[in-house]
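Residue numbers (the working numbering): 397 to 549.
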């Protein structure tokens, strides 16, 4: 028998080599990447903080939208009430959309809607007070600009 036919001796010690080195939790070669275990408490803490910040931001956006909707609903409700008062007033004509009219209070406390502006009356002004300037909107509600002097006590 020749020397080459002698039994091959593997120089690697099987006790010091892993069968699947890619699954080790640390670098298995001198040039391998350093793998450090992550502190799961810190990772969870950062995740929870990020989640809270994001959801708080979204909740604030929803609150702002709710406030806007509530403000719009209140304004619409006020427009409805004002419109009902105007339609209950004495009107001697058919109001036209996008036209401006003027609301006065008579001596007996009832309301009147007029085509005549307060400055157009001159000395012949015959009402207790001028209440508001009213614009008829397309939905048949009214946009009202109140005469602030009429509501001061």
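The C-beta atom is built at its ideal place from N, Cα and C for all residues, glycine as well.
{"Asked": "My understanding is that residue 570 touches residue 529, with C-beta atoms under 8 Å, so please give their C-beta distance in whole angstroms.", "Found": "What the structure shows of the chain is the stretch from 397 to 549, and residue 570 is not part of that stretch, so it cannot be assessed."}
{"Asked": "Which of the three DSSP states is assigned to residue 413 in this structure?", "Found": "coil"}
{"Asked": "Would you mind sorting residue 419 into buried or exposed? The rule is 16 or more other CB atoms within 10 Å of its CB.", "Found": "exposed"}
{"Asked": "Can you tell me whether residue 549 is helix, strand or coil according to DSSP?", "Found": "Model confidence at residue 549 stands at a pLDDT of 45, short of 50, so the residue's coordinates are unreliable; what they give is reported in the following sentence. Residue 549: coil per DSSP, three-state reduction."}
{"Asked": "I'd like the list of long-range same chain contacts for residue 417, defined as Cβ closer than 6 Å, with 5 residues on each side in sequence excluded.", "Found": "424"}
{"Asked": "For a quick check, are the C-beta atoms of residue 465 and residue 491 less than 9 Å apart?", "Found": "no"}
{"Asked": "Taking only the alpha-carbon atoms, compute the straight-line gap between residue 440 and residue 468 and give it to the nearest angstrom.", "Found": "42 Å"}
{"Asked": "Quick one: grab the DSSP three-state call for residue 495.", "Found": "coil"}
{"Asked": "Decide if the stretch 513–522 is in contact with the stretch 472–489; the criterion is three or more beta carbon pairs, one per stretch, under 8 Å apart.", "Found": "no"}
{"Asked": "Below 8 Å on the Cβ atoms is my contact criterion, and I expect residue 500 with residue 527 to pass it. Report the Cβ-Cβ distance as a whole number of Å.", "Found": "6 Å"}
{"Asked": "So, helix, strand or coil for residue 523, using DSSP?", "Found": "coil"}
{"Asked": "Is the CB-CB distance between residue 523 and residue 502 below 9 Å?", "Found": "yes"}
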